[in-house]
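Residues 0 to 504, numbered by numbering that gives the first Met the number 0, are exactly what the sequence shown covers, in order. Note that CB positions come from ideal geometry on N, CA and C, so glycine has one too. Source: prediction; values computed, not measured.
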Amino acid sequence: MARLLKSLPFFVVLLAAAAAATLIPAVYGAVTRDFDSSRVFFYSGILIAIAAAMIGLASHSSTRHTTERRYLVVLLLSYLWMPAVLSVPMIEVVGNTRWINVYFDMVSALTTTGAPVFEPARLPDTVHLWRATVAWLGGLLIWITALAVLQPLNLGGFEVSSEARASGRIDTGSVQMRAASPADRLVRQAAVLTPIYVTLTLALAAGLALAGERPLYAVIHAMSTLSTSGISATGGLKDSGAGVPGEGLIFVFFVFALTRRSFAGGLGVEAARRVARDREVRIALAAVVVLPTLLFMRHWVGALEVDDLGNAGGALSALWGSIFTVLSFLTTTGFVSESWAEARSWSGLQTPGLILVGLVIMGGGVATTAGGLKLLRVYALYKHGAREIDRLIHPHSVAGAGRLGRRIRREGAYIAWVFFMLFVLSLAAVMVALAATGLDFEGALVLGVATLSTTGPLASVAGSAPVSYLELTDAAKLILAAAMIVGRMETLVFIAVFNAAFWRN
Numbered sequence: 000m001a002r003l004l005k006s007l008p009f010f011v012v013l014l015a016a017a018a019a020a021t022l023i024p025a026v027y028g029a030v031t032r033d034f035d036s037s038r039v040f041f042y043s044g045i046l047i048a049i050a051a052a053m054i055g056l057a058s059h060s061s062t063r064h065t066t067e068r069r070y071l072v073v074l075l076l077s078y079l080w081m082p083a084v085l086s087v088p089m090i091e092v093v094g095n096t097r098w099i100n101v102y103f104d105m106v107s108a109l110t111t112t113g114a115p116v117f118e119p120a121r122l123p124d125t126v127h128l129w130r131a132t133v134a135w136l137g138g139l140l141i142w143i144t145a146l147a148v149l150q151p152l153n154l155g156g157f158e159v160s161s162e163a164r165a166s167g168r169i170d171t172g173s174v175q176m177r178a179a180s181p182a183d184r185l186v187r188q189a190a191v192l193t194p195i196y197v198t199l200t201l202a203l204a205a206g207l208a209l210a211g212e213r214p215l216y217a218v219i220h221a222m223s224t225l226s227t228s229g230i231s232a233t234g235g236l237k238d239s240g241a242g243v244p245g246e247g248l249i250f251v252f253f254v255f256a257l258t259r260r261s262f263a264g265g266l267g268v269e270a271a272r273r274v275a276r277d278r279e280v281r282i283a284l285a286a287v288v289v290l291p292t293l294l295f296m297r298h299w300v301g302a303l304e305v306d307d308l309g310n311a312g313g314a315l316s317a318l319w320g321s322i323f324t325v326l327s328f329l330t331t332t333g334f335v336s337e338s339w340a341e342a343r344s345w346s347g348l349q350t351p352g353l354i355l356v357g358l359v360i361m362g363g364g365v366a367t368t369a370g371g372l373k374l375l376r377v378y379a380l381y382k383h384g385a386r387e388i389d390r391l392i393h394p395h396s397v398a399g400a401g402r403l404g405r406r407i408r409r410e411g412a413y414i415a416w417v418f419f420m421l422f423v424l425s426l427a428a429v430m431v432a433l434a435a436t437g438l439d440f441e442g443a444l445v446l447g448v449a450t451l452s453t454t455g456p457l458a459s460v461a462g463s464a465p466v467s468y469l470e471l472t473d474a475a476k477l478i479l480a481a482a483m484i485v486g487r488m489e490t491l492v493f494i495a496v497f498n499a500a501f502w503r504n
């Protein structure tokens, strides 16, 4: 099987995976006696499988030599054409809708953005499961390709801590790249990470079901948590039935979107210590501690004057709502706690959604399913800023932190700043394009950040009023679809793909 996968083009493997994925809603539809939806997904899977087999036979080669650059281009193009394939069964089941809406929804699912296009009540359970499955597979794709393709090319956040020189070129001659071909690395990483991904999803789904959720909702929310898509069949966690215990379980599993060491570092006490010492985890913990504390204390100071100190239950509920929602948006998942409304009223802020905008821009860990700038880049900028302040006080001081620490603080901060500027320029371009379609400044800003950071649910909570994706014009939907792909692949990857020096030996 491994030899067959390595001999097939990457896009054929993706087609085969899409065909296999249709069996999940097809089987569920048959079990729940929704035979019409089940047949659509089953027949669509057969058509996709036939297409994959024909293309695979025509392009099969036992001596295929594909470089990392070609895999990068195929991955980029896959985010354009795969949603068109994945939308085939969905448009038949949903009905009475236009293709652009379904295509946009599949782009948001595959990129783990999770932008809700349709009202949950309109879609049958099989479609909800299909959307979550596509996002779940999109998250697994990111896990595998980040370590097998992006890491050897020093892209996707790895450039911050890699030993490649920050001189404007990408070091493609690393030992890891010479040791194995891209196909070998993809197969090896898939064999290692897929069982972990599946096991974590099943464990969370079982926990949510025991906490009181309907089994289907538990599976969908588990898939959405591991893929950080935020897709829900109920429109969020409010009506899921699990309550605070379910939120607590999801909160624990957010760690897999904070650092790759949580799933790629093995098990045991030593692995837990490495996760606790991880730079990305430390800066995430700082955000989770500082922001909810500030929101909480802002009301607590005012409560001294209104004799509200005895409301311990409301205080704890507001504090938990802040903590959960902050970490949820920091990982670009987008789940909102049931207690978030209490947290908003407790803090007394008129626009608390701006805090969530800043959190999703920070993003999660490198080589995880989270989007945004990535915590490692934020950490590099912080360390560089702290060092520059220290040099103002002690100009002749010599900083420690070892070779890796100096690398992150110097070259890593330089590359992180370049990426930050590219992110800002991309956001400005998306906002200008959306403004040309008739959106106001606030809507363009929220939608631009939501798509570039792959946090679709942000549009419903960040602004003064929720923004509906369905009511946007076709031009705006295409712009946002492109922004989601840019946010998923990152602007540095686009620059690398279109850079002539990147293709030279």
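Give every residue of the same chain whose Cβ lies closer than 8 Å to the Cβ of residue i, excluding the five residues on either side of it in the sequence, and list them in chain order.
i    : result
F117 : V93, T96, N100, D104 and L469
V466 : G442, V445, L446, A458 and S459
V72  : V496
L199 : L225, F252, F255 and F262
H59  : S6 and L7
F511 : Past the boundaries of the shown model lies residue 511; the chain is included only from 0 to 504, so the question cannot be answered.
I90  : T96, W98 and V101
The alpha helix (DSSP H) that contains residue i, what's its start and end?
i    : result
Y378 : L374 to I392
A208 : P181 to L209
T490 : T490 to V496
S459 : Note, S459: premise wrong, no alpha helix (DSSP H); not H, not E.
E158 : Where E158 is concerned, there is no enclosing alpha helix (DSSP H), given that its DSSP letter is neither H nor E.
T224 : P214 to S226
F117 : Careful: F117 lies outside any alpha helix (DSSP H) and carries neither H nor E.
E337 : From DSSP, E337 is part of no alpha helix (DSSP H); its letter is neither H nor E.
H127 : D124 to T144
D104 : W98 to L109
Y42  : F34 to S58
R272 : V268 to R276
V92  : E67 to V93
L13  : F9 to A20
V325 : A311 to L329
S425 : A412 to A435
R260 : R260 to A263
T454 : Where T454 is concerned, there is no enclosing alpha helix (DSSP H), given that its DSSP letter is neither H nor E.
F253 : Segment: none, F253 is in no alpha helix (DSSP H) and carries neither H nor E.
L353 : G352 to M361
Going by CA-CA distance only, name the one from the options that's closest to residue i.
i    : options                   : result
L146 : R184, A15 and D389        : R184
G362 : G371, I414 and G447       : G371
S338 : A317, L79, I322 and V492  : A317
I235 : P244, G247 and I219       : It should be noted that the sequence gives Gly, not Ile, for residue 235. Checked all of P244, G247 and I219; the closest Cα to G235 is I219.
A108 : G312, G138 and T144       : G138
T224 : S261, T144, L391 and S327 : S327
A15  : T66, V197, G28 and V84    : V84
V485 : L201, F9, G44 and T111    : T111
L154 : Y216, K373, G333 and L257 : K373
F440 : T453, A464 and L421       : A464
A51  : T331, H127, V12 and L79   : V12
L215 : A427, L248, A131 and R276 : A131
A480 : R68, M81 and T331         : M81
For residue i, which residues of its own chain have a beta-carbon under 7 Å away from its beta-carbon, when the five flanking residues on both sides are left out?
i    : result
H383 : R408 and A412
L433 : A443, L446, G447, A475 and I478
Y196 : L139, W142 and L225
L217 : Reading off the sequence shown, one finds Ala at residue 217, where the question assumed Leu. Same-chain partners within the cutoff: A204, L207 and A208.
I354 : L290
S425 : L451, V485 and T490
L248 : L203, G206, L207 and A210
G352 : V460, A461 and G462
Keeping to the same chain, check which residues put their C-beta closer than 6 Å to that of residue i; ignore five residues upstream and five downstream.
i    : result
F40  : T21, P24, A25 and P88
A114 : S107, G455 and Y468
A415 : V159, R376, A379 and L380
W135 : M222 and S226
A189 : I143
S37  : A25, G28 and A29
F157 : Q150
F295 : L318
T31  : none
Is residue i a contact residue of the ligand NAD, with contact defined as CB to any heavy atom under 7 Å?
i   : result
V87 : The ligand content of the structure shown is nil, which means the ligand NAD is not present either.
With residue i and residue j assumed to form a contact (beta carbons below 8 Å), what rounded beta-carbon distance in angstroms separates them?
i    : j    : result
A120 : R259 : At roughly 37 Å, the Cβ-Cβ gap does not stay under 8 Å, so A120 and R259 are not in contact.
A369 : T472 : That pair is no contact at about 29 Å.
E212 : G240 : 5 Å
V287 : I230 : That belief does not hold up - the Cβ atoms of V287 and I230 are roughly 23 Å apart, past 8 Å.
S77  : F10  : 6 Å
V335 : L358 : Not quite, the Cβ-Cβ distance comes to about 12 Å (not below 8 Å), so this is no contact.
Are the C-beta of residue i and some C-beta of chain B separated by less than 8 Å?
i    : result
L146 : No chain B is part of this structure, which consists of one protein chain only.
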